[in-house]
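Note sheet for the following structure.
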Amino acid sequence: MDARLNYFASPTAGKALKQFMAVGRILKESALPAATQELVSLRVSQINGCAACIDMHTKEAEAAGETAPRLHLVAAWREATVFTEAERAALALAEQGTRVADAGEGVSDEVWERAARHYDEDQLAALVLLVAFMNTANRLNIIARQPGGDYQAGQFH
């Protein structure tokens, strides 16, 4: 499968993506735990069916020391015992924030309050921005049919 577009070959897209990737670097440097960031990025990408992002975030998580059982269980995190309560709260917020068209009310007060018990305001802001960032990245890759499989850990960071 070949991608429809090479975003970096386009002057307009190249400039925009340079700024977009800078946002990603800022989020990586935030106080939101790195493991939580990769789990959330992976789950959002699974929901959206973005092969390129699933490939990237699986490999980035592995390179950061994440275990295979946890990565394999992200798709079924509610039934898995390997995630902390804080990670569960972040994954719930990520799912509702990704499925806004399906969820009617968006992120429920219950899910927000659970996340707020585990993360301070700066971490919550980073979490919300990460969910939005990943949904945008997923859509860019899905529309252009970016294939997954060739990503090398650290390639974009």
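Start counting the sequence shown at 8; every next residue gets the next number (my numbering). From the three backbone atoms N, C-alpha and C, an ideal C-beta is built for every residue, glycine too.
Between A132, F140, R146 and A160, which lies nearest to Q26 when the distance is taken from Cα to Cα?
-> Of the candidates A132, F140, R146 and A160, the one whose C-alpha sits nearest the C-alpha of Q26 is F140.
Can A108 and R50 be called in contact, C-beta distance under 7 Å?
-> Between A108 and R50, the C-beta gap is not smaller than 7 Å, which leaves the two residues out of contact.
Expressed to the nearest angstrom, what Euclidean distance is found between the alpha-carbon atoms of T19 and Q162?
-> Their backbone Cα atoms lie some 22 Å apart in a straight line.
With a Cβ-Cβ cutoff of 7 Å, do K22 and Y158 count as a contact?
-> Y158 sits away from K22, with the two beta carbons spaced by 7 Å or more.
Taking the alpha-carbon positions, what's the V30 to I61 distance?
-> V30 and I61: Cα-Cα distance of roughly 19 Å.
What is the DSSP secondary structure of C60, reduced to helix, strand or coil?
-> When secondary structure is reduced to three states using DSSP, C60 falls in the helix class.
Between the region 130 to 149 and the region 74 to 91, are three or more C-beta pairs nearer than 8 Å?
-> As far as the Cβ criterion goes, the region 130 to 149 does not touch the region 74 to 91, which means the pair count is below three.
Take A151 and list the residues in its own chain whose beta-carbon comes closer than 6 Å to its own, dropping the five residues that flank it on each side.
-> Shown here for A151: same chain residues with a beta carbon closer than 6 Å to its own, the five before and five after excluded, namely A10, R11 and L12 in chain order.
May I ask you to report which of helix, strand or coil DSSP gives T138?
-> Residue identity check: residue 138 is Val in the sequence provided, not Thr. Correct three-state label for V138: helix.
Counting only the same chain and skipping the five closest in sequence on each side, list residues whose C-beta sits under 6 Å from that of A96.
-> Same-chain partners within the cutoff: R121, A122 and H125.
Look at the Cβ atom of A82, then the Cβ atom of Q44, and state whether they are nearer than 7 Å.
-> Contact flag unset, no.
Is E94 buried or exposed, if buried means 16 or more other CB atoms sit within 10 Å of its CB?
-> E94 should be labelled buried.
Around the Cβ of V118, are there at least 16 other Cβ atoms within 10 angstroms (buried) or fewer (exposed)?
-> Around the beta carbon of V118, 16 or more other beta carbons sit within 10 angstroms, so the residue counts as buried.
Short check: CB of A71 to CB of G155, under 7 Å?
-> Their beta carbons are not under 7 Å apart, which means A71 does not touch G155 by this criterion.
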